[in-house]
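Residue numbers (the numbering used here), protein chains in the order written: chain A, 25 to 369; chain B, 21 to 302; chain C, 71 to 339. These notes concern the structure reproduced below.
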Amino acid sequence: MSTVLQDAPAWSPQRHVAPQALLFALCLALPPLAIAAAASGAVSIPLSRVAGLLAGVPAGDDQAALWRNVLLEVRLPRIAFALVVGAGLALAGAAMQALFRNPLADPGLIGVSLGGALGAIAAIVLGATALGVIAPAAMVGSLAATALAYRLGSRQAGVAPLLLAGVAINAICAAAIGYFSFRANDTQLRNLTFWNLGSLAGARWDLLAWLSPWVAVLGTLLLRDWRAMNALLLGEREALSLGFALSRLRRRLIVWCALLVGPLVAVTGTIGFVGLVVPHLVRLPTGADHRWLLPNTLLGGAIVLLLADWLARIVALPAELPIGIVTGLAGGPFLLWLLARRGST
Amino acid sequence: MTCAERSRSRRLPRLLGAALLLAAAAPALAQRVVTLGGAITEIVYALGAGDQLVGTDASSQYPAATAALPKVGYYRDFSIEGVASLRPELVLASDQAGPPNALAQLRQLVPRVVVLPAAPTLEALLQRIDGVAAALGRPVEGTELAARIQDEVKRVARAPAGRRVLFVSSRGGRLEAAGSETAADHMLRLAGASNVMAGERGYKPISGESAAALRPDVIVTTTMSVAARGGLDAFVAQPGIAVTPAGRAKRIVVMDDLLLLGFGPRLPEALRQLQAGITAAP
Amino acid sequence: MKEDGALLSVRELQCRRGGREVLAGVGFDLRAGEVLGVLGANGSGKSTLLATVAGELPLGGGRVALAGRHLAEWKVEALARRRALLPQSPSLSFDLDVRTVVGMGAYPFPALSPAELDTLVRRALTLADAQLLLDRRYLALSGGEQQRVQFARVLVQALSARGVAEDRLLLLDEPTSSLDPRHQLLLLGTVATLARDEGLAALVVLHDVNLAAQGCDRLLLLAGGSAVALGTPAEVLTPASLQRVYGVAARVFPHPLRAGLPLVLFGAA
Chain A
25 MSTVLQDAPA WSPQRHVAPQ ALLFALCLAL PPLAIAAAAS GAVSIPLSRV
75 AGLLAGVPAG DDQAALWRNV LLEVRLPRIA FALVVGAGLA LAGAAMQALF
125 RNPLADPGLI GVSLGGALGA IAAIVLGATA LGVIAPAAMV GSLAATALAY
175 RLGSRQAGVA PLLLAGVAIN AICAAAIGYF SFRANDTQLR NLTFWNLGSL
225 AGARWDLLAW LSPWVAVLGT LLLRDWRAMN ALLLGEREAL SLGFALSRLR
275 RRLIVWCALL VGPLVAVTGT IGFVGLVVPH LVRLPTGADH RWLLPNTLLG
325 GAIVLLLADW LARIVALPAE LPIGIVTGLA GGPFLLWLLA RRGST
Chain B
21 MTCAERSRSR RLPRLLGAAL LLAAAAPALA QRVVTLGGAI TEIVYALGAG
71 DQLVGTDASS QYPAATAALP KVGYYRDFSI EGVASLRPEL VLASDQAGPP
121 NALAQLRQLV PRVVVLPAAP TLEALLQRID GVAAALGRPV EGTELAARIQ
171 DEVKRVARAP AGRRVLFVSS RGGRLEAAGS ETAADHMLRL AGASNVMAGE
221 RGYKPISGES AAALRPDVIV TTTMSVAARG GLDAFVAQPG IAVTPAGRAK
271 RIVVMDDLLL LGFGPRLPEA LRQLQAGITA AP
Chain C
71 MKEDGALLSV RELQCRRGGR EVLAGVGFDL RAGEVLGVLG ANGSGKSTLL
121 ATVAGELPLG GGRVALAGRH LAEWKVEALA RRRALLPQSP SLSFDLDVRT
171 VVGMGAYPFP ALSPAELDTL VRRALTLADA QLLLDRRYLA LSGGEQQRVQ
221 FARVLVQALS ARGVAEDRLL LLDEPTSSLD PRHQLLLLGT VATLARDEGL
271 AALVVLHDVN LAAQGCDRLL LLAGGSAVAL GTPAEVLTPA SLQRVYGVAA
321 RVFPHPLRAG LPLVLFGAA
């Protein structure tokens with residue numbers, strides 16, 4: 025029996041790119057894009073000097089010293105952040121879309137993002153100021169919300185109950201966040217608001233030191249399950265008959281996605297649409313085979329967030345746009361277009 | 021020694037002296053400054069150093085000259101690289117500038133970052149003036165400004181006792197009232213008014229019922245809040261406002277946000293306006 | 071449990087769904103090399119029987135044994151390596167290649183080499199008369215073509231990495247519903263051939279009585295969750311049993327082209 029949320033085919037007759045070719049192209053494109061992004065920003069640094077500056081500067085050259093500091097302390101951590109966060113969010117989105125067999129699925133749907141936000145906000149309002157406290161609080165929040173949504177939503181077969189539970193959990197989280205906002209003092213409230221718009225400005229090497237391996241490990245776990253995700257696309261009965269224990273599989277995918285997205289939300293705030301849009305951008309030209317979709321989505325997400333952050337950094341000089349605005353402005357219309365297409369097929 | 025040689029030897033020490041004086045004054049004159057925080061920007065202008073500013077933040081709206089300056093974002097979320105790209109020698113920042121860690125990163129990129137207290141009190145304002153003056157190398161102007169402000173504040177008449185005042189602002193479509201520990205509350209206290217909302221801490225959403233129960237005689241608000249509602253009439257017509265004695269008698273005091281809440285050098289003027297508005301006959 | 075070589079043994083199978091008793095005491099044996107057709111009206115429990123035997127639904131009562139072991143003792147992964155299930159109306163709506171879809175039949179066998187898999191995929195597609203679809207996209211196919219591709223996938227699962235004397239169970243739920251007559255006959259013919267040559271045991275739910283009679287060695291007739299008859303087509307296809315199963319008058323004639331095969335016509339004279 026097909027899922028209640030049976031979607032119209034998300035395919036286009038124009039598909040014509042081999043997924044292996046896309047993977048190759050993305051691998052090739054990433055380094056130059058990262059370097060170009062590293063070379064541009066509010067402080068003008070000539071592209072040709074970038075490599076040299078990283079090696080070192082002659083003493084007394086204040087201009088070069090400034091450039092080097094900007095690169096090492098501000099830009100490079102930020103770019104690395106964009107790559108890691110973008111990859112993580114996109115991969116989680118692809119996994120959720122396979123799990124729900126619904127191309128509109130997103131980690132936010134089952135409570136991961138808002139649960140994480142609630143955890144962080146509760147910590148902030150209750151007095152925490154150190155990220156070392158706020159980040160784990162966010163992770164606890166996202167896991168708790170996801171676990172609750174899963175327990176409520178998996179009592180019955182199918183994905184519709186799970187999605188409904190996710191909607192309910194999100195509503196509860198939003199209300200709780202509202203309560204904490206009410207209790208927040210002025211300073212805390214301003215921090216909450218900024219943090220909710222999403223920003224990569226907090227990028228630091230010491231954050232990356234634990235975030236990168238974390239994303240790498242969880243990413244690997246998700247990548248390895250590409251067969252299970254393909255089987256889920258066939259249908260739950262088919263997946264079961266091919267030897268995938270559904271409840272175990274669902275639990276596994278949900279936990280990994282929650283563990284992956286929770287810390288990301290904690291350090292960057294909620295950045296929307298990456299998990300929703302990137303898998304689509306990959307699926308449309310190359311198809312839904314997760315063997316290639318997952319690595320392509322990983323790289324695609326890294327590049328998309330890199331570009332979004334680049335735009336955020338240079339479009340309103342010398343100020344910066346919150347990155348959530350860039351992804352929203354790009355992702356929102358895309359989502360509308362997607363819905364319009366589905367309605368007509 | 022010839023006559024010419026004698027006059028030359030007298031000229032040299034004078035030249036040297038002048039050069040030394042210039043050298044001492046040079047840092048203050050040549051410094052490029054970026055400010056993060058509206059009140060701090062105002063102080064810089066009040067000290068006569070406005071032409072040293074090469075950039076400021078979005079909350080710095082006064083004086084009019086700030087409109088021409090590049091903006092690096094709102095001070096609570098400013099762009100680090102944006103500030104660095106302006107090549108300032110000195111950054112004067114409110115201690116509320118953020119995001120967290122941004123000031124630490126900024127210190128790596130800019131020769132000098134001076135952090136000033138942001139508290140909305142008279143004492144903190146005096147500290148801000150002192151701090152800015154010291155950083156800019158204008159201690160004399162700083163002392164003068166601080167003394168003038170203290171003097172003027174003392175001379176502002178107090179509002180008539182017994183006037184019940186409420187401060188509201190429209191925040192994100194929601195009407196909120198200022199309790200204790202807010203900038204608005206401090207202003208009202210300085211003006212000698214009694215804040216009917218003082219029992220609460222911070223900003224709290226207010227409904228028609230609570231507003232009516234508080235029975236304020238005067239309502240103070242900001243120009244941004246009125247504009248957000250679409251004009252004074254629309255503002256007064258709000259359920260929370262209309263039922264109060266203040267709303268019925270149209271005793272609404274509207275002041276510019278930065279002027280009223282900024283706790284900058286225009287504090288005496290703000291207090292005068294506030295007091296006049298509260299005291300005004302219905 | 072005595073199995074005397076039967077790959078699948080079902081005894082007094084009961085199953086409840088939604089508070090209703092859907093199966094009330096069905097029993098049969100299925101051996102390798104045999105094709106057993108399941109016939110019945112809508113709601114008679116055919117699909118439930120298949121789902122229960124496949125291990126999807128819990129038994130309400132009775133026993134099911136696969137290769138001598140109780141179904142409940144089989145782990146999901148092991149079950150997938152021993153039996154293949156083709157559910158009714160497959161519902162794939164994501165953009166996958168035919169090659170990928172068919173290749174999924176080998177997921178329970180990750181040790182298969184890419185070369186072996188490729189050979190098997192081609193063979194399965196040929197058996198399903200879909201070899202020309204190898205490089206196509208699944209969503210671009212017609213309903214019938216998609217059904218044949220799914221059938222090929224199930225064949226891959228049933229034929230992958232077969233150890234010596236390891237018989238596999240094939241469960242097909244209305245595999246011919248979207249197929250034209252030629253492909254209907256082809257499919258059942260393929261099932262029969264594979265049963266005979268590869269030692270598969272096949273349980274096939276069918277709607278068309280005559281097709282079932284032609285393609286299956288034995289038939290199980292269900293009505294109201296119970297077995298009405300079990301035996302060769304000639305034995306079980308009688309007007310009385312057909313009336314019981316389908317609630318409509320039926321006439322049975324000797325098949326004009328095949329000796330020993332009955333031909334059923336529904337409707338009163």
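Each residue gets a CB set at the ideal place from its N, CA and C atoms; glycine is no exception.
Short Cβ contact (9 Å threshold) for residue i with residue j
| i | j | result |
| --- | --- | --- |
| B/L67 | B/S80 | no |
| A/A312 | C/F164 | yes |
| B/Q147 | B/P159 | no |
| A/L318 | A/W361 | no |
| C/L219 | C/L211 | Looking at the sequence provided, one finds Val at residue 219 of chain C rather than Leu. Closer than 9 Å, so yes. |
| C/V123 | C/L289 | no |
| A/I347 | A/L224 | yes |
| B/I272 | B/L252 | yes |
| B/S214 | B/V185 | yes |
| B/V216 | B/L234 | yes |
| C/A231 | C/A181 | yes |
| C/A262 | C/A154 | no |
| B/F283 | B/L73 | no |
| A/V136 | A/V301 | no |
| C/A293 | C/A137 | no |
| B/L75 | B/G102 | Residue identity differs from the one stated: residue 75 of chain B is Gly in this sequence, not Leu. Yes. |
Assigned secondary structure, residue i (DSSP; H/G/I helix, E/B strand, else coil)
| i | result |
| --- | --- |
| C/F98 | strand |
| C/R52 | Outside the shown range of chain C, which is 71 to 339, sits residue 52 of chain C, and nothing can be said about it. |
| C/G107 | strand |
| B/V111 | strand |
| A/I69 | coil |
| C/L204 | coil |
| A/G374 | Nothing in the structure corresponds to residue 374 of chain A, since chain A is present only between 25 and 369. |
| B/Y95 | helix |
| B/V54 | strand |
C-alpha distance - residue i paired with residue j, whole-angstrom precision
| i | j | result |
| --- | --- | --- |
| C/S311 | C/V318 | 10 Å |
| C/R152 | C/S79 | 14 Å |
| C/A121 | C/L127 | 6 Å |
| B/M275 | B/V263 | 22 Å |
| B/I63 | A/W91 | 31 Å |
| C/V274 | C/P324 | 23 Å |
| A/S271 | B/V134 | 58 Å |
| A/A23 | A/L96 | There is simply no residue 23 of chain A to check, as chain A begins at 25 and stops at 369 in what is shown. |
| C/V105 | A/A252 | 31 Å |
| B/L126 | A/A66 | 14 Å |
| C/L307 | C/D278 | 13 Å |
| B/Q119 | B/R96 | For clarity, residue 119 of chain B is Pro in the given sequence; the question names Gln instead. So the alpha carbons of these two residues sit roughly 6 Å apart. |
| A/G325 | A/P309 | 16 Å |
| B/S99 | A/G140 | 25 Å |
Under 9 Å from the C-beta of residue i: neighbouring residues of chain A
| i | result |
| --- | --- |
| B/S105 | G65, A66, V67, S68, V94, L341, P342 |
| C/E147 | G267, F268, A269 |
| C/A154 | S265, L266 |
Interface partners of residue i on chain A, CB under 8 Å
| i | result |
| --- | --- |
| C/E57 | The structure shown does not extend to residue 57 of chain C, since chain C spans only 71 to 339, so no value can be given for it. |
| B/N121 | G226, R228 |
Interface residues of chain B facing residue i [CB-CB closer than 9 Å]
| i | result |
| --- | --- |
| A/V289 | Those within 9 Å of A/V289 in chain B number zero; the least Cβ separation is about 15 Å. |
| A/R337 | S99, E101, G102 |
Chain-ordered chain B contacts of residue i [CB-CB under 8 Å]
| i | result |
| --- | --- |
| A/S223 | D97, P119 |
Mind listing which residues of the segment 71-103 of chain B have their C-beta closer than 9 Å to chain A's C-betas, in chain order?
Near chain A, meaning a CB-to-CB distance below 9 Å, the residues of the segment 71-103 of chain B are G75, D77, A78, P90, K91, V92, G93, Y94, R96, D97, F98, S99, I100, E101, G102, V103.
Listed in chain order, which residues of the segment 241-266 of chain A have Cβ atoms closer than 7 Å to some Cβ of chain C?
The residues in question are R251, N254, A255, L257, L258, G259, R261, E262, L264, S265, L266.
Where the segment 166-185 of chain C meets chain A: residues whose CB sits under 7 Å from a CB there:
Cβ contacts with chain A come from L166, D167, T170, M174, Y177, P178.
Between the segment 121-151 of chain B and chain A, which residues of the former have a C-beta closer than 8 Å to a C-beta of the latter?
Residues passing the 8 Å Cβ filter: N121, A122, Q125, Q128, L129.
Residues of the segment 80-110 of chain A whose Cβ lies closer than 8 Å to any Cβ of chain B, in chain order:
Within the segment 80-110 of chain A, the residues whose Cβ lies closer than 8 Å to some Cβ of chain B are L90, N93, V94, E97, V98, R99, listed in chain order.
What are the residues in the segment 294-321 of chain C lying within 8 Å of chain A by C-beta distance?
Along the segment 294-321 of chain C, none of the residues has a CB nearer than 8 Å to a CB of chain A.
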